[in-house]
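Quick notes on the structure that follows.
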Amino acid sequence: MPTALGEFEQLVLLAMLRLGPDAYGANIRREIEKGTGRELSISAVYTTLQRLEQKGLVRSRMGEPLPERGGRRRKHAELLPAGAKALKAAYDGFAGMAAGIEHRLKAI
Amino acid sequence: MKRLALFLIGIATPSIDREAVVGDTIERFDELCATEGERAAQDWLWREARRVLATSPQHRLAARPAWHQAEVQRRSGVTSSILQDVRYALRWFRRSPGFTAVAVLTLALGIGANTAIFAVVNAVLLKPLPFASADRLMLVHLLMPMREGGLNETIWSFPKYRTLIEGQQVFEDTALFAGRPYSLSGDGDPEVVQGEVITETYPSVLGVRPILGRLFTSDEASRAGATPVAIISHSLWVRRYGSDSAVLNRTLQVDGVTYSVIGVLPRGFTGLSGNAEIWTPLGVTDASSLSGPHDHSYSMAARRRPDASEAAVVSALQVYGTRVDDAYREGPRTAASSSATARSVYDSRVDADLRRAVLIILGAVGFVLLIACVNLTNLLVVKSVARSREVAIRVSLGAGRARVARQFLIESVLLAGAGGIAGVAVASLLLAGAGTLLPDSRVFFETPIAPGAPRIEGAAGLTRVGAGMIGLDLITLAFTAGVAILTTILVSVLPAFQASAVQPLPTLKVAGGQSTARGFGRFGSRAILVGAEISLALVLLAGAGLMLKSASRLEHTSIGVDPENVLSAQLNLPSTRYDRKTGPLFQQNLLERVRAVPGVESAGWGFCMPVSGGCNGTTIWFPPQAQAARRQIVGIAWATAGYFDALRIPVVEGRNFTDTDRIGQPKVAVVNQTAARTYWPGESAIGKRIAVGQGGFQDGAEVVGVVADVRYRTLETAPGPDVFLPLGQSYRGYMQLVVRTHGVTRGLSAAITREVRGLDPNLPIIAVKTMEERIGDAMWRTRVAAWLLSAFAGLALLLTAVGIFGVMAQLVSQRTSEIGIRMALGASRGDVMRLVLGRATLVTAIGLTVGLIAALGLTRVLATLLYQITPTDPVTLVAVAGVLGSVSLLACYVPARRALKVDAVTALRSE
Chain A
411 MPTALGEFEQ
421 LVLLAMLRLG
431 PDAYGANIRR
441 EIEKGTGREL
451 SISAVYTTLQ
461 RLEQKGLVRS
471 RMGEPLPERG
481 GRRRKHAELL
491 PAGAKALKAA
501 YDGFAGMAAG
511 IEHRLKAI
Chain B
1028 MKRLALFLIG
1038 IATPSIDREA
1048 VVGDTIERFD
1058 ELCATEGERA
1068 AQDWLWREAR
1078 RVLATSPQHR
1088 LAARPAWHQA
1098 EVQRRSGVTS
1108 SILQDVRYAL
1118 RWFRRSPGFT
1128 AVAVLTLALG
1138 IGANTAIFAV
1148 VNAVLLKPLP
1158 FASADRLMLV
1168 HLLMPMREGG
1178 LNETIWSFPK
1188 YRTLIEGQQV
1198 FEDTALFAGR
1208 PYSLSGDGDP
1218 EVVQGEVITE
1228 TYPSVLGVRP
1238 ILGRLFTSDE
1248 ASRAGATPVA
1258 IISHSLWVRR
1268 YGSDSAVLNR
1278 TLQVDGVTYS
1288 VIGVLPRGFT
1298 GLSGNAEIWT
1308 PLGVTDASSL
1318 SGPHDHSYSM
1328 AARRRPDASE
1338 AAVVSALQVY
1348 GTRVDDAYRE
1358 GPRTAASSSA
1368 TARSVYDSRV
1378 DADLRRAVLI
1388 ILGAVGFVLL
1398 IACVNLTNLL
1408 VVKSVARSRE
1418 VAIRVSLGAG
1428 RARVARQFLI
1438 ESVLLAGAGG
1448 IAGVAVASLL
1458 LAGAGTLLPD
1468 SRVFFETPIA
1478 PGAPRIEGAA
1488 GLTRVGAGMI
1498 GLDLITLAFT
1508 AGVAILTTIL
1518 VSVLPAFQAS
1528 AVQPLPTLKV
1538 AGGQSTARGF
1548 GRFGSRAILV
1558 GAEISLALVL
1568 LAGAGLMLKS
1578 ASRLEHTSIG
1588 VDPENVLSAQ
1598 LNLPSTRYDR
1608 KTGPLFQQNL
1618 LERVRAVPGV
1628 ESAGWGFCMP
1638 VSGGCNGTTI
1648 WFPPQAQAAR
1658 RQIVGIAWAT
1668 AGYFDALRIP
1678 VVEGRNFTDT
1688 DRIGQPKVAV
1698 VNQTAARTYW
1708 PGESAIGKRI
1718 AVGQGGFQDG
1728 AEVVGVVADV
1738 RYRTLETAPG
1748 PDVFLPLGQS
1758 YRGYMQLVVR
1768 THGVTRGLSA
1778 AITREVRGLD
1788 PNLPIIAVKT
1798 MEERIGDAMW
1808 RTRVAAWLLS
1818 AFAGLALLLT
1828 AVGIFGVMAQ
1838 LVSQRTSEIG
1848 IRMALGASRG
1858 DVMRLVLGRA
1868 TLVTAIGLTV
1878 GLIAALGLTR
1888 VLATLLYQIT
1898 PTDPVTLVAV
1908 AGVLGSVSLL
1918 ACYVPARRAL
1928 KVDAVTALRS
1938 E
């Protein structure tokens, strides 16, 4: 039974899926802002990444110091198989429930 | 503004994500600047900061488990790097075994001496007394007006005690006790043990219950003529009765009276006098005291009620004391009337002088440790300078200052730890050594007497701290650990600081770590250390010098007798078996038998032995003057002619006693020179008539002789007026047999025992001592203090010399090339010597000056321990300063000579 995911967790995981191995805090936020059209705080992304990491769905590692960030390192996040499975389960559930009523949802 | 926002975002973010979050924010900000302009980016940044601050709690909460995990990892990293430092330090110690040995040995001596002295302080002043709720136990003193004015703390008579406690509200229970020797015979050999005469309340005041049998009833303890009963200690029960529980039916001959044993007290209980093995009821043993208001013989112990504070007890006693004064006052009430006061047993466990002496010695040994620390600091600083190249390499390879300092700190901790452990070994050796010097663990620290203070048995300090109480217990070991920690802090700070301040670049540029950049003038911190060492050593030497001078003055004080080849033994003829006819007969017979022993030169009976704390005092008046006219106190003693001969107390005027000074003949007396001078100034005492309040001499006697003064009280106390009565005219059963031999007194004690046994096999022989032993007893406090202070001062001197030598030698070896250049350029040997010695002399002079000032202030604490010498004795201070100055310069001179041998060519080549 895959782990149940909260809404924001699903958004973060979707962003990571889009970004692949290059995912890190700032571009995850940009993906979500782009996809949802809402501005969000960077700490919301990191809070969620912490939770996902503790659930064993993602793994993080620190990158190299980068001059454009004032010598600070990026924290890269990698989607683990368990994370991918959980995301798929969430999507399947969502898609299953939405099947056949997509036009009605669009009309709202 | 951007910085402030970033700072806020940073502090709002948990540390684990801080770097990434701030980095991401900067990345985004720069991106917005490029696409939408700086203004929009600023607006966004502040919105972002607000959002981050608002969500900070959630973020921290989410990050906590991860942070925790990371922290554990980080700490284990620290632990392993500390282990690495420890391994490195151990390797370094192995590489410099000489240094390590000197350092550990220095600390071991310092810490060990401190531990040993603290063990004594602990036993004498700190260890809880072995009585139930001892904190509520108080000693109650009677205050009596003194002749010289003021009040004197003294002990109680039974009637005054009863008056005092009548209706008292502050004590749960009160008791009287008096320690004294008891002669035991009956089952087994006759022996003399210490015991206590007590009221029946005594065991309950001290909270002790018998392990066998019962305690005294109030009838037994306070009614004259009650059946004689005794309670014995566990030790006596084991020794004399083999732990036989049938002891309760046995009888015991105590001072010639038959007592039934009714109880045995628990193991280890030795009463308030500290060494009692038998207890007898006051009403039986001292029946006559029950009704004698002026028979002040008993100490009073009391347990205060939990709701009565010590202050409340003292103020209540002032009220109760006036009742005693009203009941027993002679003449009208004056301002100086009798009263009472009390002190906790803890305050009076030892007298003030002994307390002061042990604290001074603890202070002295603390100074030694301080000098040892300074020395070690010096060594470590020298070492850290020598290691500056190694440190520079480590720093340039990326080691932080803190990390380098930690390495040095760990080395100090290891050294102090090893020093502490070795110190415990040194302390137990020292205590074992002291134990062999005082082989009898029941040896008690007798109450020493301040010069001139009146001695009242039992009223000064308690004397229940025995040598057997001294040992390495948990409190002492905790003290040692504390000292070791303090030592670590003292010795580690400077080297760690110095090492971490090493500048890698200049250090590495100089080959071999030698720098000629700094001359002799710059040995700053080490000069201060050496100066401090000299000052500390001077204070110690001054104290030791004063004590030594005091001890030698005491040693050379004539007590008025020739102490060589004299032995004395106390023989107490019990009044139950010896009366006024048989007693003198026994004394005469024994004297004749002893005189016949080969090697005996002379023998006599005397009531009082020199330096034994003083004997009897009584009133003296001069017939036909009446007794009450003027009360003067005089020392009184009984003697035979042989007493003055045996002790070689010269008769300076008139004659000695003779065998014809017997009952029936006109009464005669001998006085000492002080008495003659005091009572008949400018006249001859011979032929004058005196009367004294004791010995049946109230009706007057003629002074027939004047003898030289003898110090009866203490070595320090000048003699007072004394009167001697002839034993032939005034019988006393409790006398000292005094014997002088031609040669050594060895074997004499056995001969005397044989002669006594021949006359009376049941008579115990008490306190057989040579006169030299008596003088030794009287001197032990001054001797021990002088010896200990000298030992510590000697150690301090040695450590200081080693310290100065070490610093100078190192300085010279570091400056070899400088000296070589100077010599190559034509400096004379004198110039080089001046160069090396100049600074050292200055430092020595400053150290000596500071030390002298400190000594002038500190030696004052010695004042009450000194004899005929002031604490600021200039001769002593100048002498010790001279000794220390010479040692210091000598320690400098040896390295300085080495400097002269420097070969200019070799020195320059090494550069």
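Note that the protein sequences, when read in sequence, are chains A and B. Residues 411 to 518, numbered by our numbering, are exactly what the first sequence covers, in order. Residues 1028 to 1938, numbered by our numbering, are exactly what the second sequence covers, in order. A virtual CB, placed ideally from N, CA and C, is assigned to each residue, including glycine. Predicted model, so just to flag it, every value in this text is computed and none were measured.
Beta strand (DSSP E) segments (min. 3 residues) lying fully within the region 1662 to 1733 of chain B: Taking only runs of at least 3 residues, the beta strand (DSSP E) segments lying wholly in the region 1662 to 1733 of chain B are 1678 to 1681, 1695 to 1699, 1716 to 1719.
Euclidean distance between Cα positions of B/M1798 and B/G1319: One C-alpha to the other measures close to 35 Å.
Rounded separation between B/I1713 and B/T1603 - CA only: B/I1713 and B/T1603 have their C-alpha atoms roughly 38 Å apart.
Three-state secondary structure (DSSP) of B/S1366: It is a strand residue.
Residue-level contact to chain B via CB, A/G447, 8 Å cutoff: Chain B contact via Cβ: absent.
DSSP three-state assignment for A/D502, whether helix, strand or coil: In the three-state reduction of the DSSP assignment, A/D502 falls in the helix class, which pools H, G and I.
Pick from B/S1184, B/A1908, B/K1715, B/V1859 that is closest to B/G1878, judged by C-alpha positions: Ranking the options by Cα distance to B/G1878, first place goes to B/A1908.
Coil, strand or helix - A/P475 by DSSP: In the three-state reduction of the DSSP assignment, A/P475 falls in the strand class, which pools E and B.
Start and end residues, beta strand (DSSP E) containing B/A1630: Annotation: the continuous beta strand (DSSP E) that includes B/A1630 extends over 1627 to 1633.
B/E1180 versus B/L1170 - alpha carbon distance: A straight-line Cα-Cα distance of about 5 Å links B/E1180 and B/L1170.
is_contact[B/A1940, chain A] using C-beta, thresh 8 Å: Only positions 1028 to 1938 of chain B appear in this structure, which leaves residue 1940 of chain B out of reach.
Segment limits, alpha helix (DSSP H) that includes B/E1337: That run of the alpha helix (DSSP H) goes 1337 to 1355.
Minimum Cβ-Cβ distance from B/H1086 to chain A less than 8 Å: With its beta carbon less than 8 Å from one in chain A, B/H1086 belongs to the interface.
Cα-Cα separation, B/E1054 to B/E1075: Answer to the nearest angstrom: the Cα atoms are 13 Å apart.
7 Å Cβ cut-off: residues of chain A touching B/E1046: Within 7 Å Cβ-Cβ: R482, R483.
Contact under 8 Å by Cβ, B/G1610 with B/G1723: No, the pair does not count as a contact, with Cβ atoms beyond the cut-off.
For B/R1416 and B/G1540, the rounded distance between their alpha carbons: Only weak support is given to the placement of B/G1540: the predicted model assigns it a pLDDT of 43, under 50, and the value that follows is read from those uncertain coordinates. Their Cα atoms are separated by approximately 6 Å.
Cα-Cα separation, A/L427 to B/R1428: In a straight line, the C-alpha of A/L427 is about 46 Å away from that of B/R1428.
Cβ distance (whole Å) where B/V1914 is taken to contact B/A1828 below 8 Å: That pair is a contact at about 5 Å.
Proximal residues of chain A, C-beta to C-beta of B/S1423 below 9 Å: In chain order: nothing, as chain A lies at least about 22 Å away.
CB of A/I450 within 8 Å of CB of A/R439, strictly: Looking at the sequence itself, residue 450 of chain A is Leu, so the reference to Ile does not match. Closer than 8 Å, so yes.
Rounded separation between B/A1867 and B/I1561 - CA only: B/A1867 and B/I1561: Cα-Cα distance of roughly 12 Å.
For B/G1206, the residue or residues it bridges with in DSSP: Partner residues in the beta bridge of B/G1206, as assigned by DSSP, are B/E1223.
Pair within 8 Å by beta-carbon distance, B/F993 and B/A1668: Shown here, chain B extends from 1028 to 1938; a query on residue 993 of chain B therefore has no answer.
DSSP state of B/A1571 mapped onto helix, strand, coil: B/A1571: helix per DSSP, three-state reduction.
Spatially closest choice to B/L1790 from B/D1282, B/R1236, B/S1439, B/H1261, by CA coordinates: Comparing C-alpha distances from B/L1790 to each of B/D1282, B/R1236, B/S1439, B/H1261 shows the shortest one belongs to B/D1282.
Local conformation of B/H1168 per DSSP, three classes: Three-state result, B/H1168: strand.
CB contact check: B/D1057 to chain A, cutoff 8 Å: Yes, B/D1057 counts as interfacial toward chain A.
Proximal residues to B/V1839 (C-beta, below 8 Å), its chain only, five neighbours per side dropped: I1846, V1863, P1922, A1923, R1925, A1926.
Whole-Å CB distance - B/V1409 paired with B/R1421, under 8 Å assumed: The C-beta separation of B/V1409 from B/R1421 comes to about 19 Å, leaving the pair out of contact by the 8 Å criterion.
Cross-chain neighbours of B/V1079 in chain A, by beta carbon under 7 Å: Ordered by position in chain A, the residues that pass the 7 Å Cβ test against B/V1079 are S451, I452, S453.
Chain A within 8 Å of B/S1840, Cβ atoms only: Under the Cβ distance rule, B/S1840 does not count among the residues neighbouring chain A, no pair being separated by less than 8 Å.
Top-ranked residue by Cα proximity to B/L1499, from B/T1809, B/A1454, B/V1440: B/L1499 has its Cα closest to that of B/A1454, out of B/T1809, B/A1454, B/V1440.
Three-pair Cβ contact test at 8 Å for the region 1384 to 1394 of chain B versus the region 1878 to 1892 of chain B: Flag = yes, the region 1384 to 1394 of chain B and the region 1878 to 1892 of chain B touch.
Helix, strand or coil at B/A1253 according to DSSP, with G and I counted as helix: Of the three classes helix, strand and coil, the one that applies to B/A1253 here is coil, per DSSP.
Nearest candidate by alpha-carbon position, reference B/G1240, set B/E1247, B/G1290, B/Y1229, B/G1252: Nearest C-alpha to B/G1240 among B/E1247, B/G1290, B/Y1229, B/G1252: B/G1290.
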